[in-house]
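For the sequence shown, this note's numbering gives the first residue as 25, with consecutive numbering after it.
First comes the structure, then the notes that go with it.
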Amino acid sequence: MRRGPKETAEGARRLSRRAVLLGTAQMGVVAILGGRMATMQVEQADEFRMLAEENRINLGLIPPARGLIYDINGVVLADNEQHYTITMTREGAGDVDEVLARLSRLVAIDPEQLEKAREELRVRSSFVPVTVAERVSWEDISRVTVNAPALPGVVAELGRSRHYPQGPDMAHVVGYVGPVSDYDLSRIEDQDPLLQIPRFQIGKTMVENNLEQDLRGSAGTKRVEVNAAGRVMRELDRVEGLPGSDVQLTVDARLQNYIQARLSGESAAAIVLDVTNGDIKGIGSAPSYDPNLFVQGISVALWDELNEREVDPKLHRRPLAAKTVQGTYPPGSTFKMVTALAALEDGVVNADETVRCVGHSDVFDVRFHCWKRSGHGNMNLNESLKQSCDVYYYDISQRVGIDKIAAMGRKLGLGERHDLPMSAVRSGLMPDKAWKREARGEDWRVGDTVNASIGQGYVATSPLQLAVMTARIATGNAVKPRLVKSIGGVEQPSGAGESLGLNENNLRRIRRAMFDVSNNSRGTAYRSRIAEERFKMAGKTGTSQVRAIVRDENGRVITRNEDLPWNARDHALYVAYAPADNPKYAVAVVVEHGGGGSVAAAPIARDVLLQALYEGTPPLEAYPAAVRGTIANQQRQMEAMLRDIQPGRDTDQA
Numbered sequence: 025m026r027r028g029p030k031e032t033a034e035g036a037r038r039l040s041r042r043a044v045l046l047g048t049a050q051m052g053v054v055a056i057l058g059g060r061m062a063t064m065q066v067e068q069a070d071e072f073r074m075l076a077e078e079n080r081i082n083l084g085l086i087p088p089a090r091g092l093i094y095d096i097n098g099v100v101l102a103d104n105e106q107h108y109t110i111t112m113t114r115e116g117a118g119d120v121d122e123v124l125a126r127l128s129r130l131v132a133i134d135p136e137q138l139e140k141a142r143e144e145l146r147v148r149s150s151f152v153p154v155t156v157a158e159r160v161s162w163e164d165i166s167r168v169t170v171n172a173p174a175l176p177g178v179v180a181e182l183g184r185s186r187h188y189p190q191g192p193d194m195a196h197v198v199g200y201v202g203p204v205s206d207y208d209l210s211r212i213e214d215q216d217p218l219l220q221i222p223r224f225q226i227g228k229t230m231v232e233n234n235l236e237q238d239l240r241g242s243a244g245t246k247r248v249e250v251n252a253a254g255r256v257m258r259e260l261d262r263v264e265g266l267p268g269s270d271v272q273l274t275v276d277a278r279l280q281n282y283i284q285a286r287l288s289g290e291s292a293a294a295i296v297l298d299v300t301n302g303d304i305k306g307i308g309s310a311p312s313y314d315p316n317l318f319v320q321g322i323s324v325a326l327w328d329e330l331n332e333r334e335v336d337p338k339l340h341r342r343p344l345a346a347k348t349v350q351g352t353y354p355p356g357s358t359f360k361m362v363t364a365l366a367a368l369e370d371g372v373v374n375a376d377e378t379v380r381c382v383g384h385s386d387v388f389d390v391r392f393h394c395w396k397r398s399g400h401g402n403m404n405l406n407e408s409l410k411q412s413c414d415v416y417y418y419d420i421s422q423r424v425g426i427d428k429i430a431a432m433g434r435k436l437g438l439g440e441r442h443d444l445p446m447s448a449v450r451s452g453l454m455p456d457k458a459w460k461r462e463a464r465g466e467d468w469r470v471g472d473t474v475n476a477s478i479g480q481g482y483v484a485t486s487p488l489q490l491a492v493m494t495a496r497i498a499t500g501n502a503v504k505p506r507l508v509k510s511i512g513g514v515e516q517p518s519g520a521g522e523s524l525g526l527n528e529n530n531l532r533r534i535r536r537a538m539f540d541v542s543n544n545s546r547g548t549a550y551r552s553r554i555a556e557e558r559f560k561m562a563g564k565t566g567t568s569q570v571r572a573i574v575r576d577e578n579g580r581v582i583t584r585n586e587d588l589p590w591n592a593r594d595h596a597l598y599v600a601y602a603p604a605d606n607p608k609y610a611v612a613v614v615v616e617h618g619g620g621g622s623v624a625a626a627p628i629a630r631d632v633l634l635q636a637l638y639e640g641t642p643p644l645e646a647y648p649a650a651v652r653g654t655i656a657n658q659q660r661q662m663e664a665m666l667r668d669i670q671p672g673r674d675t676d677q678a
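Listed below in C-alpha cells is the structure:
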C-alpha cells in the first residue's frame, strides 16, 4: 500500500527525532567515558601508578645503628661491631647438602647451627637467604670468596652486632641484647615493625632493656624491584634510619674494673655513690658473667652452667644476679644509725645517757643476747655505735617504737625502690605495725621491735639502699642515686636532693660515732681504717645472721661461724663515707656468708674508697703501717688481674 506524501513527511520527521535522541545519548556516554578517563589519567594518576608499582616494588626496613653506651669518662661500654655473616639460598645452591659439606670444610661451623640452617633452607622459599654462620673471621670470608665458584648460592655479608668491651665487669650494669623472641613479642606493647626483622636485637636486661626506646633508633627504608615470583631484582633507592641515642652513665669504668677485681672469689656486692649529686661511680656484683655470650643467643648448656644447675645448692653464688639491687639482706648493725636517729629525733634519749650492757637483755620471757656475751658495761650513744653494742639498741628501741624507727628508715632511703634503669630493682622491707597486720595477719610484738633495732627480724635492705642511707647521713640531704648522666646529650636530673629536715646536732653525733668506729682503737673497724689524714673515713660494721640455730649431724648446735656450711654463715656488711670532714663518696659492701663485717667487708670498702678518692692506685702511706706489706702484695696481684681484664691498659691510672 502506497503512503501518501503526508504520511511520508510524518515518518521522516519521527526518524529524524529518534536519530537526534540516539545520537545525543551516544554522545553523552562518550562524554562520560571521556571524563572518567581524564579523571583516571590526570587526577588519579599517582594513585594508579602506586597500585601498579606495588605489583613489582617491595618496601623493606633497614635496621638503625643502636646507640652506644659510655662511662663518665667516655670509655665505650657497649658498641656496635661489624662482623661477617655467611648466608645461602636454596635456589642458588642447587644441591644444598653438597654445598654445605664443601663450606664446612672451609669454615668451622657449629653442628647445631649447621643443622638449624639446613632445616631453614628446607622450609623457606628457595630464593630467601638463610644464615649459615655468624661472626666469622676475615680469614673465613677470604676462603669463601676464593672458593666462590665451588659454593653456588653462598654469600658473605657484612653485618653489625652488639659488643661489650668491658666483658663481665659491666654485665650487671649495662646488661645485654639478644634476638627478639616470641616471648618478647608477647609482652612488648611497642608494635615497632623493626621487631619483626629476623634476629633483630633488643635489650634484654639492665640499661640495654630499660632504655630500649632511646637506644633502638628508628628504621630506614629501601625499595627493591622484584619479579613475578617475588625475587629481588635490584634496589631502587634507600633512606637510612635514625640511629639510637647515645647514653652516658655515671659509672667510672676504671673504678668498676677495680671493684670487680677486688670482689674476685667472693659472692658479694659493692657500691660507690657520689654524695654530692647521687652519681653511682661503681656498682659491682660478684661473681659475674660475660654478656657477649648472650648477644647471638646462648646455648642451653651454657645457660645451665650460669644458673649453676649442676652446683650444690649450698654453694650457689648466682652469677646472673645483680646483688647490688636485686639482693636484699638483713642490714645487721649498719641499721643501728637508723634506730639511734629515730630515738634522738623523738627525744627519748640523749647522747650522754647510758644503758648498762651485761651481755643480754630480757624482754618479758625472752632473752636477747649481745654479740659480746660478757657485756660492754655502761654504753652511751657514741660508745654503743663504736663498739656495736646490741643491748643499748634493745633498750632505746622499746622507748621509741617500731613505727618511728620505720619512718626514719624510709626517710633515709630504706624500704624504697630507687628509680634506676636496672632490672628487678627491689624495694626491700622496712616493716612496721601496719605491715605485719596486713602481710601476716598478726599484731606487732615488742620482740619484733628488739630484733628490728639491730637490723634483724623482718628488716631487709639492698646494698644500694645502704649506700643511699649512708649518703643521706653524711649530707643530711635526700640524696637519690643516679646511673644515667645523659641521653642523646641531654643531661639527666641530679640526685643531690633537698634537706631531710633532721636536727643537725643529732646528725653530728651519729657522724662522730661513725668516725670513731673506724678511727678509735676500740672501734670495730679500726684495723681497716684509712691512714691518710685528709681521706679518713667514717663507717659502721654489720654482721647479719642468716639462720638462728644450725646443728651438726649429731644434733649438736654449731656455734662457730666458720664451722657452719657456707650458705648458713653470717653475711658481712660495712657502710662508710669519706672524707669524714667533707664527704665525697659513700660506699656499701655486702659479702654473702662472709662472717664478720669488720673482717670481710670493711677492708674491701676501705680499698674501694681509696681507689675512688685517689682516682687510681693509692700510695701505701694511705694504709695503716701494719698492713702495708700485705697491701703491696695485693696491689701487685690486682694490677696483674686488671691487665688480664684489659691487656695493655695503664694500671697505674686504673
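Idealized CB from N, CA, C, for every residue including glycine.
Distance from V424 to V372 at the Cβ level is roughly 5 Å; contact confirmed, criterion being Cβ atoms closer than 8 Å.
A buried status is given to Y353, since no fewer than 16 other beta-carbon atoms sit within 10 Å of its beta-carbon. About 5 Å separates the Cβ atoms of G265 and S242, confirming a contact at the 8 Å cut-off.
Runs of the alpha helix (DSSP H) lying entirely within the region 620 to 660 and spanning at least 4 residues, in chain order: 626 to 638. Here the alpha carbons of V263 and L666 stand approximately 44 Å from one another.
Closest by C-alpha distance to V100, out of T48, Y188, I165, is Y188.
For P455, the secondary structure class from DSSP, reduced to helix, strand or coil, is coil.
Considered as a whole, the region 292 to 317 harbours 292 to 298, 304 to 310 as its complete beta strand (DSSP E) runs of no fewer than 3 residues, in chain order.
The beta carbons of R593 and G621 sit no closer together than 9 Å. DSSP, reduced to helix, strand and coil, places S128 within a helical segment of the structure shown.
With respect to the 9 Å criterion, K564 and A549 are classified as neighbours on the basis of their beta carbons. About 6 Å separates the beta carbon of V319 from that of S185, a gap short enough to meet the 8 Å contact definition. Counting only residues of its own chain and dropping the five nearest sequence neighbours on each side, W468 has a CB closer than 7 Å to the CB of I426, K457, K460.
At least 9 Å separates the beta-carbon of V599 from that of T499. Of the other Cβ atoms in all chains shown, fewer than 16 fall within 10 Å of the Cβ of H393; this residue is therefore exposed. Looking only at S451, N374, K435, R391, the smallest Cα-Cα distance to I420 is reached by N374. When Cβ pairs closer than 8 Å are counted between the two stretches, the region 201 to 212 is seen not to touch the region 129 to 138, the count staying below three. P88 and E232 have their C-alpha atoms some 15 Å from each other. Between the alpha carbons of H196 and V123 lies a gap of roughly 42 Å.
Between M538 and Y609, the C-beta gap is not smaller than 9 Å, which leaves the two residues out of contact. Looking only at D605, V179, G471, P487, the smallest Cα-Cα distance to L453 is reached by P487.
For G401, there is no enclosing alpha helix (DSSP H); the residue is part of the beta strand (DSSP E) that begins and ends at 401 to 403. Within the DSSP secondary-structure output, Y94 pairs in a beta bridge with V100, Q272. Looking at R397, A364, V449, the one whose alpha-carbon comes closest to that of M432 is A364. Burial state of S166 is exposed, judged by a 10 Å Cβ sphere holding fewer than 16 other Cβ atoms. In the DSSP secondary-structure assignment, I86 is bridged to G244. Taking a cut-off of 8 Å on C-beta distances, the region 304 to 316 touches the region 338 to 348, as three or more cross pairs fall below it. In this structure, DSSP gives A277 a helical state, which the three-state scheme calls helix. DSSP places H393 inside the beta strand (DSSP E), whose first and last residues are 390 to 393.
The continuous alpha helix (DSSP H) containing I534 extends over residues 528 to 543. DSSP, reduced to helix, strand and coil, places S323 outside both helices and strands of the structure shown, so it counts as coil.
Per DSSP, reduced to three states, the secondary structure at D261 is strand.
When only Cα atoms are considered, G191 and R441 end up about 27 Å apart. C-alpha of V470 to C-alpha of F388: approximately 9 Å in a straight line. Linking G306 to S518 through their CA atoms gives a straight-line distance of about 17 Å. Bounds of the alpha helix (DSSP H) holding I420 are 414 to 424.
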